[in-house]
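S.K.: Mapped onto our numbering, the consecutive letters of the sequence shown carry residue numbers 1 to 306. Every residue gets a Cβ at the ideal spot worked out from N, C-alpha and C, and that includes glycine. The structure that follows is given in the form of structure tokens.
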Amino acid sequence: MTVSALAGCAGLLTRCRRRRPERRAGRQAGSALVLVAAGLFATVACTATEPPPEGMVRVPAGTVPRPGGDQRVETFDLDTHEVTNRDFAAFVDATGFETEAERWGWSLVFHPEETANPDLEQRVAGTLWWLAVEGAYWRHPRGPDSAAEADLPVVHVSWGDARAYCDWRGKRLPTEAEWDLAAGAGNDGEGRAHYPWGDEPAPQGQWVANVWQGDFPDRDDAADGHTYLAPVGSYPPNALGVFDLGGNVWEWVDDWYRPGGAGGEKVLKGGSWLCAASYCEGYRNANRNQSAPDSGLDNTGFRCAM
Ligand SMILES: [Ca+2]
């Protein structure tokens, strides 16, 4: 049984599987390795009358629009914040978990200063702003000379890494429909806003999410106060009390990008600090991205549900 089949506020049983590493580039510019965590079991039970666990909000049941008609989503609980480096360090300290980026020995880092040199080695074809950096992983997100800051969202985590963390917490990754319901602030169909925070990209001229302003990928004006990752919770939450659903990091969800797409790519939602209105506006609620499940980049993270 898959995790998504157990979505909702009910008894939950999740398990990690071991897969063989396979190196390839995802659509978003992926890297390598697959997951670990053998035999991790977690059992969680809750009822609709219990308050959500600390650090989570309860998202009431509703529907989300889909091409074939509205899809119903049952009540579930969602982390209020993206998983931080502090959170992930606790997981690694307790379990000795090693991410896929660590196993490969490199990961992909956004290097706008290098975009003028198309001959630079260790690039990913077609993505001139991504540079493969040896020694980059969650503890050293920009390379060996950088250090992860505790309150920033963890990055360079693959879908498998993310799922292993959520398993350890007795949680799971949200489904795409759950994520969409939360980003729509619980509003069904036509009531859904254009962005997780409303219909205006910058209400009253104020950016309320960490995205990119200016000409991507050459100049980030940082009108929102951050040119890179922002500490989680730096901007107001949406109407449900969920922070950073738009911008900061793309968030892994449980679903395959194409239905039944085992062996394909997983869905990412919410956009990141690299999303510009002039390029992809990935922070729109209707937007969805895809990446190989063994990929990790410095604009990709996650949060958990249960
Ligand atoms: Ca920004």
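(1) Using C-beta distances below 6 Å, list every residue in its chain close to Ser-4, excluding the 5 sequence neighbours before and after it, in chain order.
(2) Measure the CB-CB distance between Ser-234 and Val-249 and report whether it falls below 8 Å.
(3) Does DSSP classify Asn-289 as helix, strand or coil?
(4) Between the C-alpha atoms of Leu-352 and Ser-107, what's the straight-line distance to the nearest angstrom?
(5) Give every residue of the same chain whose Cβ lies closer than 8 Å to the Cβ of Arg-142, excluding the five residues on either side of it in the sequence, and list them in chain order.
(6) Touch check for the segment 151-165 and the segment 78-95: three-plus C-beta pairs under 8 Å?
(7) For the beta strand (DSSP E) that contains Asp-167, what are its first and last residues?
(8) Counting C-beta neighbours from all protein chains within 10 Å, is the total for Gly-69 16 or more, i.e. buried, or is it exposed?
(9) Kindly indicate the opening and closing residues of the alpha helix (DSSP H) around Arg-72.
(10) According to DSSP, is Trp-212 part of a helix, a strand, or is it coil?
(11) Counting beta carbon pairs with one atom in the segment 49-63 and one in the segment 159-167, are three or more of them shorter than 8 Å?
(12) Apart from the five residues just before and just after Ala-230, which ones in its own chain have a Cβ nearer than 6 Å to its Cβ?
(13) Under the assumption that Thr-80 contacts Phe-216 (Cβ atoms under 8 Å), give the Cβ distance between them as a whole number of angstroms.
(14) Consider the C-beta atom of Trp-197 and the heavy atoms of ligand 1; say whether any pair is separated by less than 7 Å.
(15) How about Arg-66 and His-194: are their beta carbons less than 8 Å apart?
(16) Confirm, please, whether the CB-CB distance from Asp-294 to Ser-158 is below 8 Å.
(17) May I ask you to list the residues that DSSP assigns as paired with Met-56?
(18) Buried or exposed for Asp-93, going by 16 or more other Cβ atoms inside 10 Å?
(19) Going by other Cβ atoms of all chains shown within 10 Å of its Cβ, with 16 needed for buried, is Tyr-257 buried or exposed?
(20) Would DSSP call Thr-300 helix, strand or coil?
(21) Is DSSP giving Gly-30 helix, strand or coil here?
(22) Is Asp-215 close to ligand 2? I mean its beta-carbon at under 7 Å from any heavy atom of the ligand.
M.R.: Looking at the coordinates:
(1) One-based indexing of the sequence shown puts residue 4 at position 4. At Ser-4, the pLDDT of 31 sits below 50, so the modelled position is not reliable; the number obtained from the coordinates is stated separately. So the list reads Thr-175 and Asp-254, once near-sequence residues are dropped.
(2) Taking the sequence shown and counting its residues from 1, one reaches residue 234 at position 234. Taking the sequence shown and counting its residues from 1, one reaches residue 249 at position 249. Contact flag unset, no.
(3) Indexing the sequence shown from 1 puts residue 289 at position 289. Looking at Asn-289 - three-state DSSP - the assignment turns out to be strand.
(4) There is simply no residue 352 to check, as the chain begins at 1 and stops at 306 in what is shown.
(5) For the purposes of this step, residue 142 is identified with residue 142 of the sequence shown, where counting begins at 1. Within the same chain, Arg-142 has close Cβ partners Val-109, Val-133, Ala-136 and Asp-298.
(6) yes
(7) Indexing the sequence shown from 1 puts residue 167 at position 167. Asp-167 -> not in any beta strand (DSSP E); alpha helix (DSSP H) instead, spanning 159-168.
(8) For the purposes of this step, residue 69 is identified with residue 69 of the sequence shown, where counting begins at 1. Counting Cβ neighbours within 10 Å, Gly-69 comes out exposed, since fewer than 16 surround it.
(9) Along the sequence shown, one-based indexing puts residue 72 at 72. Looking at the DSSP string, Arg-72 is not in any alpha helix (DSSP H); the run it does join, the beta strand (DSSP E), is 71-73.
(10) The sequence position of residue 212 within the sequence shown is 212, counting from 1. Three-state DSSP puts Trp-212 in a strand.
(11) no
(12) Stepping through the sequence shown from its first residue, residue 230 is reached at position 230. Excluding positions up to five away in sequence, the list reads Asn-210 and Asn-248.
(13) To locate residue 80, count along the sequence shown from 1; it is residue 80. To locate residue 216, count along the sequence shown from 1; it is residue 216. Their Cβ separation, rounded to whole angstroms, is 29 Å, which puts Thr-80 and Phe-216 out of contact at 8 Å.
(14) For the purposes of this step, residue 197 is taken as residue 197 along the sequence shown, with counting starting at 1. It does not: the Cβ of Trp-197 is nowhere closer than 7 Å to a heavy atom of ligand 1.
(15) Counting from 1 along the sequence shown, the entry for residue 66 is found at position 66. Counting from 1 along the sequence shown, the entry for residue 194 is found at position 194. Contact: no.
(16) Residue numbering aside, residue 158 sits at position 158 when the sequence shown is read from its first letter. Residue numbering aside, residue 294 sits at position 294 when the sequence shown is read from its first letter. Taking 8 Å as the Cβ cut-off, Ser-158 and Asp-294 qualify as a contacting pair.
(17) Locating residue 56 in the sequence shown gives position 56, counting from the first residue. Answer by DSSP bridge pairing, in chain order: Asp-79.
(18) To locate residue 93, count along the sequence shown from 1; it is residue 93. Asp-93 comes out exposed.
(19) Position 257 of the sequence shown, counted from the start, is the residue given in the question as residue 257. Buried: at least 16 other Cβ atoms inside 10 Å.
(20) In the sequence shown, residue 300 corresponds to position 300, counting from 1. In this structure, Thr-300 counts as strand in the three-state DSSP scheme.
(21) The residue given as residue 30 occupies position 30 in the sequence shown. Unreliable placement is indicated for Gly-30, whose pLDDT of 31 sits below 50; the coordinate value is still reported in the next sentence. The answer is coil: DSSP assigns Gly-30 none of H, G, I, E or B.
(22) As for ligand 2, it is missing from this structure, which binds only ligand 1.
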